[in-house]
Amino acid sequence: MNVLESMPVPKKADVKNLNFWYGATQSLRNVSLPLYENKVVALIGPSGCGKTTLLRCFNRMHELYPGNRSEGSIFLYPDKIDILGASIDPIEIRMRIGMVFQKPNPFPKSIFENVAYGLRVRGLSDRSRLSDKVEQALRDAALWDEVKDRLKANAFALSGGQQQRLCIARALATDPELLLFDEPTSALDPIATAHIEELTIELKKKVSIAIVTHNMQQAGRISDYTAFMYLGELVEFDKTNLIFTKPSSKLTEQYITGHFG
53 MNVLESMPVP KKADVKNLNF WYGATQSLRN VSLPLYENKV VALIGPSGCG
103 KTTLLRCFNR MHELYPGNRS EGSIFLYPDK IDILGASIDP IEIRMRIGMV
153 FQKPNPFPKS IFENVAYGLR VRGLSDRSRL SDKVEQALRD AALWDEVKDR
203 LKANAFALSG GQQQRLCIAR ALATDPELLL FDEPTSALDP IATAHIEELT
253 IELKKKVSIA IVTHNMQQAG RISDYTAFMY LGELVEFDKT NLIFTKPSSK
303 LTEQYITGHF G
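For reference, each letter of the sequence shown is one residue, going 53 to 313 in our numbering.
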């Protein structure tokens, strides 16, 4: 075995005994799993199993709605802060942890201002630095060459796949430590989907990624680790190749072979 392969992979985040309720309805039950540095973790499972609920706990999106509550911890490394801690500023967490949603959601602004938005929220106003950061984010999102001559154009003029990459650029602009993808290709055609998948593999060189997907083939293509969830519980977590070839749970095997879902 290669010595590097045998070395432990550093953790980027650690979910510990996480429970979550929408009002009186419990959606997550005692979930614990790690996210690793510069790796892609896929969250799979049937609709309503808690995948997106778990993902949104990472950047405290649930707090935007009354009646939601959680118990447990999500530690973010290397400083090991508890993301869910009462003393932690949710706005700062959302800068450190970017999120891309199921459908592209560009702001009704120019391409440039979409990417610059988070930087302006953080107080960056210097035009030269803004331009450099916007360009770098668009390059990282594999979009720069397609939009560099129309940065002042409205973001809605872009195709669906381009809009999704713009949203990824917007998330990347603030140099996040973790990226959350909630079924980012479900509304895209196969060509745009392939672009996003290739981009995801490239991005993990710079940032850790967690992705919710219903597409088993996609999980197999782009993720290093896979978590299978069912009825709000984590059934199994392992390296993706093991989950798909030698799952330890019969329930996991039944799901990935299409017996239910």
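Glycine residues also receive a C-beta, built at the ideal position from the N, C-alpha and C atoms. Source: prediction; values computed, not measured.
Just so you know, the alpha carbons of Leu255 and Ile261 end up roughly 8 Å apart. The DSSP-derived three-state label of Gln154 is coil. Looking at the backbone, the Cα of Pro60 and that of Lys258 are separated by about 18 Å. The Cβ neighbour count for Pro62, taken over all protein chains shown within 10 Å, is under 16; the residue is labelled exposed. Counting along the chain, the unbroken alpha helix (DSSP H) around Asn293 starts and ends at Thr292 to Thr297. Under the three-pair Cβ rule at 8 Å, the segment 123 to 135 counts as touching the segment 63 to 80. Here Ile274 is not near Thr304, since their CB atoms are 8 Å or more apart. Trp73 has Gln78 and Arg121 as its beta-bridge partners, per DSSP.
Nearest to Tyr277 by alpha-carbon distance, out of Ile248, Lys91 and Glu229, is Lys91. Taking the Cα of Lys161 as reference, the smallest distance to any Cα among Ile126, Lys204, Arg174 and Ala189 is reached at Lys204. Of the residues Gln216, Trp73, Asp241 and Gly272, the one whose Cα lies closest to the Cα of Lys155 is Gln216. Burial state of Tyr74 is exposed, judged by a 10 Å Cβ sphere holding fewer than 16 other Cβ atoms. Secondary structure of Leu240 (DSSP, three-state): coil.
Going by DSSP, Tyr169 is part of the alpha helix (DSSP H) stretching over Ile163 to Val173.
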